[in-house]
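Student:
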Amino acid sequence: MKTPDRRDPLLLISALAQVLLTLLGAAGEALGYDKHLKENTAKKRTHSLFTQGAYYFMAMPRMSDARLNPLVERFGQLVREHAVFRDAFGLI
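FYI, the numbering for the sequence shown is 1 to 92, going by full-length UniProt numbering.
(1) Assuming Leu23 contacts Phe57 under a Cβ cut-off of 8 Å, what Cβ separation, rounded to an integer in Å, is found between them?
(2) Quick one: grab the DSSP three-state call for Met63.
(3) May I have the straight-line CA-CA distance separating Leu31 from Thr3, to the nearest angstrom?
(4) What did DSSP end up calling Gly76 once you bin it into helix, strand or coil?
(5) Looking at Ala54: is its Cβ nearer than 8 Å to the Cβ of Leu11?
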């Protein structure tokens, strides 16, 4: 991409996607969903929050409502806790 007018919006979208997937991973970890992603013997995190978030995002279409609803609710709470998102998405 030769011009900042084309590059900058794509970088912004990429950065927002990375942060939102990381928050989704944090939401899943807060609910204990991460224990299904790691080995039985592991006591600490084996996947980054971003990787966990990407996994949960890809698994959402197949998730049962019993698992999906708490994940989405916790994700919403985490997003509302951050002033940047509260200001940016507060109008929506």
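Every residue, glycine too, gets a C-beta built ideally from N, C-alpha and C. The model shown is predicted, which means the values in this text are computed figures rather than measured ones.
Tutor: Considering the structure as presented:
(1) In this structure Leu23 is not in contact with Phe57, their Cβ atoms being roughly 11 Å apart against a cut-off of 8 Å.
(2) In the structure shown, Met63 falls within a coil segment according to DSSP collapsed to helix, strand and coil.
(3) Roughly 43 Å separates the two Cα atoms.
(4) Here DSSP, grouped into helix, strand and coil, assigns Gly76 to helix.
(5) Cβ distance not < 8 Å, so Ala54 and Leu11 don't count as in contact.
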